[in-house]
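Here is the structure we will look at, set down as structure tokens.
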DNA sequence: GTATTGACTTCAT
DNA sequence: AATGAAGCCAATA
């Protein structure tokens, strides 16, 4: 798998900023990582995220709050479980963005723009 | 080189 | 709320 390691690292580190108990979307993370329009790449890259980086991939969901995996699939169940550990309620394979969507504060946004 | 494929998003029904 | 089409872009084939 030869993907762009540099971009991948940006995505991983960006994902690591999502605090416990919050979620974000693929597109939003792509934007923060400086890669607008590459939501699909975020998903691909998260799949390759090394274990030792402890990337909280479970906190990334679709823009409508649904988990990206098919309901009932092994991955979806695992993600739901991990989110539950974070204190996030998962219902019908989705979470409430109203309650959990991560809004980075101003200082964090500034630290990112590069 | 073109075609297909996604852990996606948005808009229109 | 649910579907579907079109757009998206890097990776694969």
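In this note's numbering, the protein residues as written are 694 to 807. The C-beta atom is built at its ideal place from N, Cα and C for all residues, glycine as well.
- The criterion of a C-beta distance shorter than 8 angstroms is satisfied by residue 776 and residue 751.
- Runs of beta strand (DSSP E) with 3 or more residues, each lying fully within the stretch 730-762, are absent.
- When secondary structure is reduced to three states using DSSP, residue 717 falls in the strand class.
- In this structure the stretch 765-784 does not lie against the stretch 696-710, because fewer than three pairs of beta carbons, one per stretch, are closer than 8 angstroms.
- Under the DSSP definition of a beta bridge, residue 787 partners with 759, 784.
- Among the bridge pairs identified by DSSP, residue 794 is matched with 716.
- Taking C-alpha positions only, residue 774 is separated from residue 762 by approximately 13 angstroms.
- Closest in alpha carbon position to residue 756, among 802, 795, 748, is 795.
- A Cβ-Cβ distance of about 5 angstroms is found for the pair residue 732 and residue 723, placing them in contact under the 8 angstroms criterion.
- Residue 726 and residue 787 have their C-alpha atoms some 24 angstroms from each other.
- Looking only at 799, 718, 714, 696, the smallest Cα-Cα distance to residue 780 is reached by 714.
- The DSSP-derived three-state label of residue 724 is helix.
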